[in-house]
């Protein structure tokens with residue numbers, strides 16, 4: 012069983028997202044350990060991109076902060092390798108196609124796998140373009156994570172059939188960022204995936220409160236939270252670790 | 008070649024949320040492009056509203072002054088709203104209307120595409136919102152006012168470099184928020200399939216007319232066609248019907264800004280490399296880690312770090328040439344055409360005029376060059392005055 016599969020065993024997975032290098036890589040590393048300790052099942056590590064078109068302002072700004080701080084993909088590979096020596100928590104890279112493409116897709120996948128990364132999420136690579144990336148990921152044992160959206164409708168079956176690791180269900184239209192109201196029937200999206208393939212489904216985009224996590228977790232295998240955590244990183248900088256840990260603990264408890 | 012691909016370039020690198028929207032657009036476009044009713048309606052709009060066909064003007068004084076090729080100017084600056092952008096916009100908004108959309112959104116750099124979109128939206132009774140880099144709203148303040156006057160809401164985009172690239176990103180984000188009633192009127196031959204094809208087809212009226220007009224006047228094809236290239240819509244429009252005519256040199260003039268050996272440049276083919284951004288695989292100005300470069304040009308319309316996928320392929324195949332033109336050269340050409348022919352070109356188009364000044368004397372007097380004057384330069388007068396150290400009121 013892969014580390015990603017284990018993350019969804021007998022529990023609802025809480026999946027926090029952080030941007031690597033916001034505010035610096037040392038803090039990112041500490042956050043990973045603290046979030047695992049606080050109950051996170053899998054961690055999404057964002058590799059910053061200059062122009063993240065699927066992100067709302069909170070994560071856009073985190074990307075800019077990290078890049079201004081001098082973070083590069085190579086430094087992030089090194090950090091991931093250090094983290095993997097200390098913990099077995101599943102780690103998934105979240106970034107944009109050009110970050111991977113510019114390193115050479117095969118080279119990127121190899122380096123990520125060697126560093127102990129378990130999967131890759133690219134929000135600007137839909138089903139029709141995925142093979143160029145997914146092929147290299149398979150070769151090195153990484154799961155290329157597929158996304159489905161509220162607009163996917165009949166596409167869900169096709170995407171689910173070829174999905175690997177888990178399916179990332181986008182809860183709402185628009186970009187990442189906290190929302191007071193999530194109106195999509197995410198449970199129905201999850202059911203459509205499961206009719207095609209037995210694969211874990213985690214819901215993300217817009218989730219920030221324990222109430223939302225409990226409600227959405229009830230009809231899925233886990234929830235993904237990014238902007239709410241990145242806001243804490245922005246607010247507390249290098250001092251953010253205990254605040255993030257406390258938040259992750261609260262969310263994990265709501266999901267249990 | 009795979010659908011939506013130009014050699015290795017093109018594709019659909021967009022969030023899943025938008026995939027059904029672009030597929031619906033593709034289906035609608037496939038249907039309407041073959042629909043005689045749609046084509047007749049569009050032709051009527053282009054002719055009676057936008058003022059097509061645009062003139063192919065023999066620039067006699069410029070020809071004599073440069074002492075080489077016979078120079079013709081394709082006067083896209085004479086179109087309604089003052090640029091080639093209206094050709095694409097009328098087509099796309101008519102298509103959007105047929106698809107039942109009631110709202111259009113658009114990015115704009117220099118403001119010409121935003122003005123054209125606001126214009127067509129007013130004409131067809133559609134809601135319109137335009138995203139423009141904050142920096143561009145300042146250097147093109149007149150166009151911001153024009154868009155508002157036409158009933159559009161203009162959003163100043165502050166993210167990133169606050170220029171055209173960020174306006175495109177923000178319009179894409181806006182589209183993912185509201186898809187059902189909204190069409191994204193992309194202004195250049197770029198982005199995910201089917202946009203590069205749609206924009207090229209609607210702009211290809213330019214080369215179709217050049218061909219007809221020149222055959223009528225000179226009984227032959229041109230030896231060279233020059234156009235400026237940012238994303239590349241006026242250039243692909245001016246090149247398209249000549250691609251199969253191997254004797255015609257196709258020359259795209261990129262914005263080199265302060266020079267291709269500086270960081271302050273937007274010459275993508277001269278300085279960029281293969282990448283994936285804004286929905287397409289193509290050439291982009293970027294660093295070794297794939298971070299998109301903060302490009303620069305005096306021209307807000309060419310100030311973009313990428314180029315349309317069909318241009319990237321024409322370059323790969325050696326079918327078109329791409330040359331860098333600096334701010335200095337473009338500003339000189341802007342003033343040159345004003346004095347020589349009484350035509351004030353857009354600073355974007357002045358990039359093509361600048362290269363023509365170098366190329367024409369190297370060509371024979373029996374040869375013919377066509378320069379696409381993609382827009383008029385009224386919008387640039389204040390900025391050019393500033394460049395020359397003079398402050399004028401807009």
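Protein chains in written order, with the numbering used here: chain Z, 12 to 267; chain A, 8 to 401.
For glycine and all other residues, C-beta sits at the position ideal for the given N, C-alpha and C.
Note to self: At a CB distance below 7 angstroms, what residues from the segment 76-96 of chain Z approach chain A? Give them in sequence order.
What the structure shows: Listed by position along the chain: 78, 83 and 84.
Notebook entry, point to check: Going along chain Z in order, which residues have a C-beta closer than 9 angstroms to the C-beta of residue 180 of chain A?
Noted result: Walking along the second chain from the start, residue 180 of chain A turns up at place 173. Those within 9 angstroms of residue 180 of chain A in chain Z are 64, 65, 66, 67, 185 and 186.
Next item on the list: Taking residue 81 of chain A as part of the beta strand (DSSP E), name the residues at either end of that continuous run.
Entry: For the purposes of this step, residue 81 of chain A is taken as the residue at position 74 of the second chain. Taken as a continuous stretch (DSSP letters only), the beta strand (DSSP E) holding residue 81 of chain A covers 77-82.
Check: Is the number of C-beta pairs between the segment 70-89 of chain A and the segment 107-114 of chain A that are closer than 8 angstroms three or more?
Finding: A contact between stretches requires three or more CB pairs, one per stretch, nearer than 8 angstroms, and the segment 70-89 of chain A fails this requirement with the segment 107-114 of chain A.
Margin query: Strictly under 8 angstroms for the Cβ-Cβ distance: is residue 142 of chain Z near chain A by that measure?
Written below: If you number the first chain from 1, residue 142 of chain Z lands on position 131. It does not; no Cβ of chain A falls within 8 angstroms.
Margin query: With three or more beta-carbon pairs closer than 8 angstroms as the criterion, would you say the segment 318-326 of chain A touches the segment 350-363 of chain A?
Written below: No: fewer than three Cβ pairs fall under 8 angstroms.
Check: Going along chain A in order, which residues have a C-beta closer than 8 angstroms to the C-beta of residue 122 of chain Z?
Finding: The sequence position of residue 122 of chain Z within the first chain is 111, counting from 1. Those within 8 angstroms of residue 122 of chain Z in chain A number zero; the least Cβ separation is about 13 angstroms.
Notebook entry, point to check: Should residue 33 of chain Z be labelled buried (16 or more other beta-carbon atoms within 10 Å of its own) or exposed?
Noted result: Position 22 of the first chain holds residue 33 of chain Z. Burial call: buried.
Note to self: Any C-beta of chain A within less than 7 angstroms: which residues of the segment 147-175 of chain Z qualify?
What the structure shows: Within the segment 147-175 of chain Z, contact with chain A at the beta-carbon level (separation under 7 angstroms) is assigned to 158, 159, 160, 162, 163, 164 and 166.
Check: For residue 378 of chain A, which beta-bridge partners are listed by DSSP?
Finding: Counting from 1 along the second chain, the entry for residue 378 of chain A is found at position 371. Secondary-structure assignment with DSSP links residue 378 of chain A through a beta bridge to A:80 and A:233.
Check: Taking 8 angstroms as the CB-CB limit, is residue 137 of chain Z close to chain A?
Finding: If you number the first chain from 1, residue 137 of chain Z lands on position 126. Yes - at least one Cβ of chain A is within 8 angstroms of the one on residue 137 of chain Z.
Next item on the list: Give a yes or no on whether the minimum CB-CB distance between residue 282 of chain A and chain Z is below 8 angstroms.
Entry: Here residue 282 of chain A refers to the residue found at position 275 when the second chain is read from its first residue. Closer than 8 angstroms to some Cβ of chain Z, the Cβ of residue 282 of chain A qualifies, so yes.
Item checked: Of the residues A:358, A:124, A:37 and A:375, the one placed nearest residue 264 of chain A, counting alpha carbons only -> The residue labelled residue 264 of chain A in the question sits at position 257 within the second chain. Relative to the Cα of residue 264 of chain A, the nearest Cα in the group A:358, A:124, A:37 and A:375 belongs to A:358.
Checklist line | Listed by chain order, chain A residues near residue 108 of chain Z by CB distance under 7 angstroms | finding: Sequence index remark: in the first chain, residue 108 of chain Z carries index 97 (1-based). Those are 20 and 283, listed as they occur along chain A.
Next item on the list: Return the chain-ordered list of same chain residues with a C-beta closer than 6 angstroms to the C-beta of residue 235 of chain Z, the five sequence neighbours on each side being excluded.
Entry: Within the first chain, the letter at position 224 stands for residue 235 of chain Z. 26, 213 and 215.
Check: residue 61 of chain Z CB to nearest chain A CB: under 8 angstroms?
Finding: Stepping through the first chain from its first residue, residue 61 of chain Z is reached at position 50. Yes - at least one Cβ of chain A is within 8 angstroms of the one on residue 61 of chain Z.
Notebook entry, point to check: So which residues of chain A does residue 112 of chain Z contact, with C-beta pairs closer than 7 angstroms?
Noted result: What you label residue 112 of chain Z is simply residue 101 of the first chain in a count that begins at 1. Taking a Cβ-Cβ threshold of 7 angstroms, the residues of chain A close to residue 112 of chain Z are 282, 283 and 297, in chain order.
Note to self: With a threshold of 8 angstroms between beta carbons, is residue 134 of chain Z in contact with chain A?
What the structure shows: On the first chain, residue 134 of chain Z is found 123 positions in, with the first residue counted as 1. Residue 134 of chain Z has a beta carbon lying within less than 8 angstroms of a beta carbon in chain A.
Check: Can at least three beta-carbon pairs, one atom from the segment 186-205 of chain A and one from the segment 159-166 of chain A, be found at a separation below 8 angstroms?
Finding: The segment 186-205 of chain A vs the segment 159-166 of chain A: no contact.
Item checked: Residue-level contact to chain Z via CB, residue 313 of chain A, 8 angstroms cutoff -> Residue numbering aside, residue 313 of chain A sits at position 306 when the second chain is read from its first letter. No, its Cβ sits nowhere closer than 8 angstroms to a Cβ of chain Z.
Next item on the list: Output, in chain order, the set of chain Z residues within a Cβ distance shorter than 7 angstroms of residue 218 of chain A.
Entry: On the second chain, position 211 is the one that residue 218 of chain A refers to. Result: empty, since nearest Cβ-Cβ is about 35 angstroms, beyond 7 angstroms.
Notebook entry, point to check: If you compare alpha carbons, which of A:284, A:307, A:14 and A:138 is closest to residue 391 of chain A?
Noted result: Position 384 of the second chain, counted from the first residue, corresponds to residue 391 of chain A. Out of A:284, A:307, A:14 and A:138, A:307 has the C-alpha closest to the C-alpha of residue 391 of chain A.
Next item on the list: Determine the extent of the beta strand (DSSP E) in which residue 293 of chain A is found, giving its start and end residues.
Entry: The sequence position of residue 293 of chain A within the second chain is 286, counting from 1. Run containing residue 293 of chain A: none; DSSP gives neither H nor E here.
Check: Listing by chain order, which chain A residues have their CB less than 9 angstroms from the CB of residue 181 of chain Z?
Finding: Residue mapping note: residue 181 of chain Z aligns to position 170 of the first chain, counting from 1. Ordered by position in chain A, the residues that pass the 9 angstroms Cβ test against residue 181 of chain Z are 22, 23 and 24.
Next item on the list: Would you check if the distance between the CB atom of residue 274 of chain A and the CB atom of residue 312 of chain A is smaller than 8 angstroms?
Entry: In the second chain, the residue the question calls residue 274 of chain A occupies position 267. In the second chain, the residue the question calls residue 312 of chain A occupies position 305. Cβ distance not < 8 angstroms, so residue 274 of chain A and residue 312 of chain A don't count as in contact.
Checklist line | residue 5 of chain A: first and last residue of the uninterrupted alpha helix (DSSP H) it sits in | finding: Here chain A covers residues 8 to 401 and nothing more, so residue 5 of chain A does not appear.
Note to self: Using only the alpha-carbon positions, how far apart do residue 205 of chain Z and residue 362 of chain A sit?
What the structure shows: In the first chain, counting from the first residue as 1, residue 205 of chain Z sits at position 194. In the second chain, counting from the first residue as 1, residue 362 of chain A sits at position 355. So the two alpha carbons sit approximately 60 angstroms from each other.
Check: At a CB-CB cut-off below 7 angstroms, which residues of chain A make contact with residue 20 of chain Z?
Finding: For the purposes of this step, residue 20 of chain Z is taken as the residue at position 9 of the first chain. Within chain A, no residue comes near residue 20 of chain Z; the closest Cβ sits about 27 angstroms away, beyond 7 angstroms.
Checklist line | Cβ neighbour criterion (16 or more within 10 Å) applied to residue 185 of chain Z | finding: On the first chain, residue 185 of chain Z is found 174 positions in, with the first residue counted as 1. Buried, since its Cβ has 16 or more Cβ neighbours within 10 Å.
Item checked: Close Cβ partners of residue 62 of chain A (< 7 angstroms) along its chain, the five nearest in sequence each way excluded -> Here residue 62 of chain A refers to the residue found at position 55 of the second chain. The residues are 82 and 85.
Note to self: I'd like to know whether the C-beta of residue 237 of chain A is nearer than 8 angstroms to at least one C-beta of chain Z.
What the structure shows: Here the question's residue 237 of chain A lines up with position 230 in the second chain. Not closer than 8 angstroms to any Cβ of chain Z, the Cβ of residue 237 of chain A fails to qualify, so no.
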